[in-house]
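Novice: To start, I am sharing the structure in question, which I have written as structure tokens.
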Amino acid sequence: MRLAINAIADELRRLKASGVGQVSVSEEGLESLRRSVAERGSPAGEAPAEEAADEAAHPPPVVVLPRGDKQARWDALRSQVLEDPVCKAKVRPGKKVVLGVGSLDASIMFVGEAPGAEEEVQGEPFVGPAGQLLTKMIVGMGLSRGDVYIGNIMNWRPDLPVDPGGVQVGNRPPTEKEMAHCLPYLRAQVEIVAPRLLVALGATAARGLLGHKAFGALGEVRGAWHDFGGRPLMVTYHPSYILRNPTNRTKRLIWEDLLKVMERANMPISEKQRGFFLK
Ligand code: URA
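According to this note's numbering, the sequence shown is numbered sequentially starting from 335.
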């Protein structure tokens, strides 16, 4: 719970930094938070003993990829992720751990934040509303989902309190510790696929790939080339940002970042593509 509350506080700070002045919280949501904090009863900011012990018992995984072709190495990685005790413990009953999908020979790897409600049911990244928009963006680039590789920083959906029906309402960004646990798995996927370049979708993906303290607001790093393990990394908005702000201006901003990606990947770009979202 402490992790969830810290993550909510992080998210509120992030929204404030990006100019959001107000968020509405339902009375039920507030009540549920109050109840959970009271039940746990741990002093603010202090990790409950069992949580600290859990972290010590489960340090971030060490991934040793076997020799062999890309598929064999990816299959071995998938088995390790599915058997990871932390991943297994973090996934609610009936839900799935999520690893990346796509071409193991992709030139472009997109990296998002974490599975959401649809993703943890299907066990595949970016299949919900944000995923449908990401698919449209990929098609706009002249590619299909199967031509690229799509992964996430996280392999499970970060938890929040559930409603009386046991259903998690909403999403929260992962904490630093949660990200530290999953990052070795993302690095292994990068090693296997060996894409020509990566695209970080949103602030959490950028923090994961650039290092947690590398920037304040996303605007400081967005639209520019960075480095991830010797590979070019473009940082752009998360598709859910466009879903929340569906104006031509925001669409054009993300599209300009993708035009840079296409140029760097030596992809053909038509005049029509260059003009997307200008009017
Ligand atoms: N948002 C993400 O960052 N990743 C997903 O897989 C889905 C939504």
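Ideal placement from N, C-alpha and C gives every residue a C-beta, glycine not left out. Note that this is a predicted model, so its numbers are computed, not measured.
(1) Assign Y483 to one of three DSSP states: helix, strand, or coil.
(2) In terms of alpha-carbon separation, which member of P566, V503, T584, D561 lies closest to S574?
(3) Our contact map puts L535 next to G428 with C-beta atoms below 8 Å; I'd like the distance itself, whole angstroms only.
(4) Along the chain, where does the alpha helix (DSSP H) that runs through P614 open and close?
(5) Spatial neighbours of L433 within its chain, please: C-beta separation below 6 Å, excluding the five flanking residues on both sides.
(6) Restricting to Cα atoms, I'd like to know which of K470, A522, A539 is closest to E510.
(7) Ordered along the chain, which non-local residues of its own chain (more than five positions away) have a Cβ less than 6 Å from that of V420?
(8) Ignore the nearest five residues each way along the sequence and tell me which others in F614's own chain have a CB closer than 6 Å to its CB.
(9) Which residues in the same chain have their Cβ closer than 6 Å to the Cβ of M488, if we skip the five residues on either side of it in sequence?
(10) Contact between the stretch 521-531 and the stretch 452-471: three or more CB pairs below 8 Å?
(11) When you compare only the Cα positions, how much space is there between L399 and L438?
(12) Can you give the beta carbon distance from V461 to E453, rounded, assuming they're within the 8 Å contact cut?
(13) Nearer than 6 Å: is that true of the beta carbon of A534 relative to any heavy atom of the ligand URA?
(14) Name the DSSP bridge partner or partners of G536?
(15) Quick check: the Cα distance between M601 and L592, rounded to an integer number of angstroms?
(16) Select from V569, P492, K606 the residue whose C-alpha is nearest the C-alpha of A423.
Specialist: On the basis of the coordinates in this document:
(1) Looking at Y483 - three-state DSSP - the assignment turns out to be strand.
(2) Ranking P566, V503, T584, D561 by CA distance to the CA of S574 puts T584 first.
(3) Not a contact, Cβ separation roughly 27 Å.
(4) Here the chain covers residues 335 to 613 and nothing more, so residue 614 does not appear.
(5) Take L433, set aside five residues on each side of it, and the residues of its chain with a beta-carbon closer than 6 Å to its own are R412, V415, in chain order.
(6) When C-alpha distances from E510 are compared across K470, A522, A539, the shortest belongs to A539.
(7) Take V420, set aside five residues on each side of it, and the residues of its chain with a beta-carbon closer than 6 Å to its own are H392, H515, in chain order.
(8) As shown, the chain starts at 335 and ends at 613. That puts residue 614 outside it, with no answer to give.
(9) Excluding residues within five positions, the ones whose Cβ falls inside 6 Å are A448, P508, C516.
(10) With a cut-off of 8 Å, the stretch 452-471 and the stretch 521-531 do not count as touching, because too few Cβ pairs lie within range.
(11) Answer to the nearest angstrom: the Cα atoms are 15 Å apart.
(12) With 8 Å as the limit, V461 and E453 qualify as a contact, their Cβ atoms being about 6 Å apart.
(13) Incorrect: A534 has no Cβ contact closer than 6 Å to the ligand URA.
(14) None, per the DSSP bridge assignment.
(15) Taking the CA atoms as reference points, M601 sits about 11 Å from L592.
(16) Considering only alpha carbons, the answer is P492.
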